[in-house]
Every structure is written in structure tokens, then in C-alpha cells.
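Written out below as C-alpha cells is the structure these notes cover.
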Amino acid sequence: MTKPKVGFYSVTGCQGCLLSVIFNEEELLGVLEKIDVKSFPFIKEKVYDGHLDIVFFEGVVTSKHDEEMVKKIRDQCDIFIALGACATTGGVPALRNFTPPENIQPLIYHKALEITDVDPSPVDKYVKVDYYIQGCPPDKKEILGFIDDLLRGKKPLMYSKPVCIECRHNGNPCLLEKGLPCLGPVTNGGCNSVCTNGGLVCWGCRGPAQDANFELMIKVLKEKGYDEKFIKQRIDAFEGLKYKEKEDAKKKWLE
Amino acid sequence: MVYAISFENYNKFLDSLIQKTDVFAPVKGKVSSFEKLKSAEEFNADVLTEYTAKNNFLKQGELILTHKEGEVVEPDLSKIKEKILLGLRMCDLASIKKHDIAMNNKYADPYYNERRKKVTLFGYHQKQCGDEYCFCQSVDLEVEYDLFFYKRADHYLVEVGSDKGKTIIKDNQDLFEESDYKMTKEDKEIDNQLKLDSHDIDDIYTNNRGWSALVKDCLACGQCNALCPTCFCFEFRDVPKQDGSVEKKRFLSECQLECFSRVAGDHIFRKAQIDRFKHRIYHQLQYFKDKFGKTLCTGCGRCIRHCPTKIDFVTKINEMKKEAKK
Amino acid sequence: MNDYIPQKVKILEFYRESPDNFSIVIDFKTDHEPGQFIQVSLPGIGEAPISICSYSKDHMKLNVREIGSVTNSLGKLKEGDEIWVRGPYGKGYPMQELKGNNLLIIGGGCGVAPLKGIIDYVDQNREDYQNIDLFFGYRSVHDVLFRRETPEWKNKYNLMMSVDKAEEGDDLACFEMKTGYLMERMKELDINSENTVAFLCGPPIMINKIIGLLKEKGFKSEQIFLSAERLMQCALGMCGHCMIHGKYTCLDGPVFRWDELENFKND
Chain A
1089 MTKPKVGFYS VTGCQGCLLS VIFNEEELLG VLEKIDVKSF PFIKEKVYDG
1139 HLDIVFFEGV VTSKHDEEMV KKIRDQCDIF IALGACATTG GVPALRNFTP
1189 PENIQPLIYH KALEITDVDP SPVDKYVKVD YYIQGCPPDK KEILGFIDDL
1239 LRGKKPLMYS KPVCIECRHN GNPCLLEKGL PCLGPVTNGG CNSVCTNGGL
1289 VCWGCRGPAQ DANFELMIKV LKEKGYDEKF IKQRIDAFEG LKYKEKEDAK
1339 KKWLE
Chain B
75 MVYAISFENY NKFLDSLIQK TDVFAPVKGK VSSFEKLKSA EEFNADVLTE
125 YTAKNNFLKQ GELILTHKEG EVVEPDLSKI KEKILLGLRM CDLASIKKHD
175 IAMNNKYADP YYNERRKKVT LFGYHQKQCG DEYCFCQSVD LEVEYDLFFY
225 KRADHYLVEV GSDKGKTIIK DNQDLFEESD YKMTKEDKEI DNQLKLDSHD
275 IDDIYTNNRG WSALVKDCLA CGQCNALCPT CFCFEFRDVP KQDGSVEKKR
325 FLSECQLECF SRVAGDHIFR KAQIDRFKHR IYHQLQYFKD KFGKTLCTGC
375 GRCIRHCPTK IDFVTKINEM KKEAKK
Chain C
201 MNDYIPQKVK ILEFYRESPD NFSIVIDFKT DHEPGQFIQV SLPGIGEAPI
251 SICSYSKDHM KLNVREIGSV TNSLGKLKEG DEIWVRGPYG KGYPMQELKG
301 NNLLIIGGGC GVAPLKGIID YVDQNREDYQ NIDLFFGYRS VHDVLFRRET
351 PEWKNKYNLM MSVDKAEEGD DLACFEMKTG YLMERMKELD INSENTVAFL
401 CGPPIMINKI IGLLKEKGFK SEQIFLSAER LMQCALGMCG HCMIHGKYTC
451 LDGPVFRWDE LENFKND
């Protein structure tokens, strides 16, 4: 049996998701026996240019160059997996959508005005995504699980329960109950509630849960004493674009 | 026959148990839950724990079987250790009895039964048990226990509920005294502030306005399921190992989430939150009773107390029942 | 006795019925009723409930539509491969109690599979039942199932088949198939509800419409039996996923009499 050709690609982002793959130190060699890695920033110097079976794509589309790249890679592969918060929800770089351009341009772009700019967006704005691996950074075991499933011919299943479930099964106190601005109830889990285990609130890096009720979440946080601006910024950090998408869809539906 | 044990002897008794077996009891750490006791002092009898003891029976991630080299290997259940659960309130004890029924419906669940068999149950009575969310007196509280402790001014009264309990008393007879006290109904009372008028709720099933009023505050986070002492619904996941074997494991499921009723082809039977919410309440109060003669709910109030929006379905059901009577 | 432990069985025969549907015959000998199901599992993929579509003590036939992880992986197997099964589970169609009746057997798409179990049963107990009508609807000619068995059914029983849509060049003539939704075709027929029971299985939308039609034709809820589908994990009446208003589909179903379900469609 020929090994499936796998490519890891990255556009604008911190490349932390790729590090997550590498952090599987113990299992990595075993996995590499089963797949043929054709492209991987950090590891492979040359960027492979040919047909691929599976692609893991990391980063947010922020420029024309990124857009062209994601479209090209999609055309070259059978299975396209968006890897990490940036690729799936827009992540932190997408915050730029919620700030007037004049606030940012003088800070960042006064030297690099030649960049052809697009609104930072998750990759599914431009291409069809087969599977999403969420998180900032994604769980390293989850990535291997996806590869394992695909090798076995199984459709990988995305975890689809809110963070609260894992948090509660891990025996944590509810941070929201304590009055902290935790976004666990509206955020998709699968992270084994790593932040709340350590007493840190959930910022929503894995994107909205299937039944995320943002309106109610905002109401709850307001009752806890947080003002609208604070709450909006919190949600925007990771879930802003997807929240907006949901709102727009709802508006459309109401019309 | 009732026994008495002084506070001093009680601590000695616990310490001797801790030497011999794993003893789990309410401990007030970061969060109140049943933890393994290191000494008698750690036991905190005064709290109704945030977390229940259900993980001791329905273990999250229970290994069901292993597929290895083309064969199925059953896990060795005899390796499960004996343990004592201490300080169980009436609601928590009752939930164990209800799991006994649910997990031995037509077929028996060997994993649950093995864990259950190896646990010794010590009940603990407190008149002022919980807070404004407790309503255990409004539902069916049938319990089974080995020993049950009632706190008095300077000692505990102990009721024996099983042969196992008898043996424990016998093994520690220098610490316990026989008492001629007769337990009264008042001794067993528990004060509730919240009261569910009736758990026959078939007639309000179609009261959409009433149920919607509750559901509009639901975040669909599933914490009520996770914290409920009786919620036992579960699912299996195949976990592949690096050596090529596959472990089939069991995890608890949450009926408040979409994935609970999703079938292949992505059809979701309970798509609307109101249907899911009603399913939880009806399973707790009606369905289980229709099948086994008692409510599944034990009235511990955890699903209201720890709900991010404190959805008080008890008061609302009372309202809806009144409305239905008119 | 651990009921969660499956047993390994061999696939004796594997053949395609349609592009996304196949039948397998497995070497699994067990007593069962028409309408019951078994749990089929593949290591590392998962477990799925599959209805039994035969009635025999010597082997078991399953008809599977490739729609989820397990069924898709099953579809890649071949004769001689091994799968894991446990069961049979559930309550089937109450064939004994319904002796002496006319049978109206109505199926849509892969919902015909459990109904084939009834037909096999009736073949072996033909004298117990009166008239037998088979009404099957499929999406298109390419989705027609049980082409091997259909000619025989056509000879023995009153068979009417329809396809939702037909394109030019589709061979409708072979089984005298009609076009249009099954319900529309049934409307035109003279169906007598007296001394008759209806067995249904198919997609929920179709089932609801056909039940409406049967009611118009004078059927009572007690005369209608249908096979329900729900998510199942244990199939042993514990896990809670398959519950329909307090009833376990795996124990009290999958075959329900319509009056048991009619008020609880969203549950």
C-alpha cells in the first residue's frame, strides 16, 4: 500500500499549530512511518508542488497572496483540513475586522503599504473545508487522531460538546459561577478544558459550540457586572467572525 | 438496633478504615466533591457537595473491551478496588439505588454492577441539608445503605442497613455502643425550602408557552447533566492505541446537546432546545416513574444551583400545574 | 454474562444493490423475529444498529446504506472478511398476533430492508395471512433495492413500485414501476382497511404522509406498525439515546404500534 501524501501548509499566523504537531514527540516517528510528509515548514525546505491526499492548513487569510495560496493548495488535495483557531474562526488576527483601519495602519503598515490587503478571514471563506481542527493551539493528540482516522478510512468526528462538559468532568469549580467572564458555555470543547483546569477562563479559542446562544451569554455576563464593550471584545477575540456569521444568518432567516 | 459512637471514637473509626481501604468522602478543596480521605479530619460533613459520587460507579472512560490482534479482550473487573463512600446525603444515596435499577433493566451492566458491589455506602443525615434549591422531599427517596449516621449533640447514632454494615460494626465493636434509642420520623426529616407540588407532569407536556419561558434562559451547556447524580445516559467511543489495538470506552452523554440524538446522515431528532429540555425533565420525573414506579430525580437541586442562569423548573412546573387545574 | 461483548462472524456474500447500498450475508445463526436488529461493529470505527432483512436460522442477511462511519467502512469489505456483531435486539413486528389479516407492507428507500424480513417470514408462513400488498418507493431507478428478489415478489404478491423521479432512458418497465411519490401513487388505489394491518418503514417525512393517507382510508392507529430509527449506543435499554417519550427504541421498539408514538413526534 502506498503511503498517503500529506502536506502541512501555513499562511499568516504564529505557526504554533505546526508546533503542536511536532510536540507529539513520542508518537511522531510511528506516524511518519504511515504517512509520506511532502511539505512541512520548519522541517522541509522545499515546498512540494503536486497532488496531495491530505492537507493540514494553518493560518488566517489576510492578503491576496494568502488567498491565492489557499485556493491553490485546495485544488491540489483530496482532503483539506483547517488546522487551528486562525484557519477555522479567524482567531486573533481577525480582530482587525473589528477595528477601524485608521487605528491600525499607522502602527503596522506604514512601512509595508505594498501589501495587497483583504479582510482577515478563516479559510472557509475562500475554499471548501472538509474538516476542522479547532483550538489555539489545537490539541496535539487530536491531530494524530485525525490522521489515524483517515488512515483507517473513517470520517474523523469533530468533538461537539461545549467546554463546560469536559470542565465539569474534570471536577473544576465553575468560573462563571464565581463571577469570572468564562466563555465555556458557548465554546466548543475537545480541549479537555485545559484553561479552566488551571483556573483561567475560557476565551473561546475553539469557536462557537453547536448551540451557542451568544445573546443569552452576553445577558449573563452583563448580570455579572461586565459592560457591553468588555464582553464584545472578549467574544471578538476568537469567536467574533463566527458570531457575526450566526447573527447575519439569523437576520436573513427572520427577513 | 441502633448504635451510638462518640465523636472521638468516630474519628478513630474513620482513621482505622482509611488504613485498610480507600475511603471517599466530601472534602472541601478547590471545589466540594468526594475525594479520597487521607485522615479523618479532612472529612467535611457540612456541605452538600457540588460534585456527586456517580463517577465511582459510572466511571468516565470505563474500558468496555479491547480489540487486540483480531480478538476481543474483556477487561479484568476483579482488579477494581473495594472502597467506602462516606457522608452520602439522602439524595446521593437515592441516586445510587436508581442507578441500580436503570443499569439492570432487561440486561445487566457488568461494569456498573462490579463497581457497585465493591462499594460500601455510609449515609449521613442532616436536617438542614442544602439550600434554597433542594427539593428532595417532593420526589421518591428510596435508599439502600450499609450504615447511616445521624449527628447528635455529642455523638452519632448509627443505623445498620445490611449484613456488610453489621460486620463493620462487629469488627469495630469497641468503638460502637448499643443504644436503645428508637428512631422517630422527626429524626429523619430534612428541611426543604423548595417544593415540587406534583411530579405527575403528563398533563403539562403540551404547555409550550410555559416550557418556552424556561428554555429561553438555557445556554445549552449541559452542566445540569454533568452534575446530576442520576443522569446516567452514556455513549461509547473507540480509542485507537499506537500499538494497533483499539479500546472501546464509555463516557457519559448529555441530552441537552444536539449530538445526543444525532444519527448517521446528520438527522437530529431533538433539534429544538425545548424538546431537549423537556426530555431531561420528563425523564427525571415522568418516564422513569412510568417504567419503574419512582422518579429518577432525587431533588438534590444541583441542576438549578449550578446552572449559569439558575433555571428554576420546579417553581415553573408548579405554576403550570396550577394553570392546568383551572 | 457480558452483553457488550460482540462475536466475530464471517461475511459469506457481499453484493451491491445500488451505488450507496449493499447487502451482506453473514455467518450468524440465531433465532430472531422480523423487524429486529443487530449491533454491528468494526474495531476503531464504531458500532451501528443494522436491521435484519432475512428470516432464516442458517444465516443472516443485512442490507446497509452507506451513510455514516460504520456503514461506509462496511461497504469497503468483501466476502471472507470478518465483522463483529451482537444481538438480535428489540421487538419485531408482531407476526403471530396478526395472523389472519391482510398485510399492507409499505417501505421507502432503505426502509424496505426490515420489511424484507417480513416478506421472508410470510413466505414460510403463507397460510397464516390473507392478501399481501407490497408498496415500495425509491428516489430513482438507480436506488431500487432487492432486484434479485423482486421478480419473485412480483409473482407471488401484489407489488407496486414507484420512483420519485425518472429520467429518460430509465428502465421502468422491468418491474412496471410508476413515477411520482409513493404516497401520490397510493392515493389512486382502492385500499380497504378492514381486517388489514399496515407495516411501515422509511424516512420520517414519507412515513408521516403515508400515515395521514392511511387514516383517510379508514385505518386506525392500532392497525399501523412502524419501525423507528434513533441513535443507539448500547442497544440494551440503558444508554438512553434511543428514548422516545420514555420508551426505549432498543427494547420496546424498534417496531411500534402507531398509537404508542403519534403524540410524541419531536421526542
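Residue numbers (my numbering), protein chains in the order written: chain A, 1089 to 1343; chain B, 75 to 400; chain C, 201 to 467.
Ideal Cβ placement from N, Cα and C applies to all residues, glycine included.
Residue i at chain C interface by Cβ criterion, 8 Å
i: residue 281 of chain B; result: no
i: residue 1249 of chain A; result: no
i: residue 336 of chain B; result: yes
i: residue 1243 of chain A; result: yes
i: residue 274 of chain B; result: no
Euclidean distance between Cα positions of residue i and residue j
i: residue 227 of chain C; j: residue 92 of chain B; result: 53 Å
i: residue 402 of chain B; j: residue 264 of chain C; result: Limits of chain B in this structure are 75 at one end and 400 at the other, which puts residue 402 of chain B out of reach.
i: residue 235 of chain B; j: residue 124 of chain B; result: 26 Å
i: residue 331 of chain C; j: residue 354 of chain C; result: 13 Å
i: residue 369 of chain B; j: residue 1252 of chain A; result: 27 Å
i: residue 174 of chain B; j: residue 190 of chain B; result: 8 Å
i: residue 406 of chain B; j: residue 223 of chain B; result: Any answer about residue 406 of chain B is impossible in this case: the structure gives chain B only from 75 up to 400.
i: residue 272 of chain C; j: residue 242 of chain C; result: 11 Å
i: residue 401 of chain C; j: residue 410 of chain C; result: 10 Å
i: residue 319 of chain B; j: residue 149 of chain B; result: 14 Å
i: residue 267 of chain B; j: residue 1250 of chain A; result: 32 Å
i: residue 1309 of chain A; j: residue 220 of chain C; result: 48 Å
i: residue 378 of chain C; j: residue 239 of chain C; result: 35 Å
i: residue 439 of chain C; j: residue 308 of chain B; result: 5 Å
Within chain A, the residues that residue i reaches when beta carbons sit closer than 7 Å
i: residue 134 of chain B; result: 1257
i: residue 273 of chain C; result: 1241 and 1242
Beta carbon proximity, residue i to chain A, threshold 8 Å
i: residue 146 of chain C; result: Absent from the structure is residue 146 of chain C, since the part of chain C shown begins at 201 and ends at 467.
i: residue 309 of chain B; result: no
i: residue 278 of chain C; result: no
i: residue 374 of chain B; result: no
i: residue 380 of chain B; result: yes
i: residue 383 of chain B; result: yes
Residue i: contacting residues in chain C (beta-carbon distance under 7 Å)
i: residue 179 of chain B; result: 437 and 438
Local Cβ density within 10 Å of residue i, reported as buried at 16 or more and exposed below that
i: residue 1237 of chain A; result: buried
i: residue 255 of chain B; result: exposed
i: residue 103 of chain B; result: exposed
i: residue 338 of chain C; result: buried
i: residue 1222 of chain A; result: buried
i: residue 77 of chain B; result: buried
i: residue 362 of chain C; result: buried
i: residue 1036 of chain A; result: Chain A is shown only over 1089 to 1343; residue 1036 of chain A falls outside these bounds and no answer can be derived.
i: residue 312 of chain B; result: buried
i: residue 374 of chain C; result: exposed
i: residue 317 of chain B; result: exposed
i: residue 214 of chain B; result: buried
Beta carbon proximity, residue i to chain B, threshold 8 Å
i: residue 1118 of chain A; result: yes
i: residue 443 of chain C; result: yes
i: residue 1069 of chain A; result: Look at the range of chain A in this structure, 1089 to 1343, and you will see that residue 1069 of chain A is not part of it.
i: residue 248 of chain C; result: yes
i: residue 319 of chain C; result: no
i: residue 1210 of chain A; result: no
Where residue i meets chain B, residues with beta-carbon distance less than 8 Å
i: residue 243 of chain C; result: 141, 312 and 320
i: residue 1252 of chain A; result: 295, 296, 297 and 300
i: residue 433 of chain C; result: 308, 309, 310 and 327
Interface partners of residue i on chain B, CB under 7 Å
i: residue 202 of chain C; result: 148 and 184
Contact list for residue i against chain B, beta-carbon separation under 9 Å
i: residue 206 of chain C; result: 139 and 146
Residues that residue i contacts on chain C, provided the C-beta gap is smaller than 9 Å
i: residue 290 of chain B; result: Correct list: empty, because the minimum Cβ distance to chain C is about 18 Å.
i: residue 361 of chain B; result: 443, 445, 446 and 447
Neighbour list for residue i in chain A, Cβ cutoff strictly below 8 Å
i: residue 333 of chain B; result: 1248, 1249 and 1298
i: residue 105 of chain B; result: 1259, 1260 and 1261
8 Å Cβ cut-off: residues of chain C touching residue i
i: residue 176 of chain B; result: 438
Using 8 Å as the Cβ pair cut-off and three pairs as the minimum, do the stretch 168-186 of chain B and the stretch 379-395 of chain B touch? no
Stretch pair the stretch 1298-1310 of chain A + the stretch 283-299 of chain B: three plus CB contacts closer than 8 Å: yes
Using 8 Å as the cut-off, can you tell me whether the stretch 448-457 of chain C makes contact with the stretch 421-438 of chain C, which would need three or more C-beta pairs spanning the two stretches below that distance? yes
Within 8 Å, do at least three Cβ pairs link the stretch 216-229 of chain B to the stretch 1310-1329 of chain A? no
When you compare the stretch 204-214 of chain B with the stretch 267-282 of chain B, are there three or more beta-carbon pairs, one atom per stretch, that lie closer than 8 Å? In short, these stretches touch, since the Cβ pair count reaches three.
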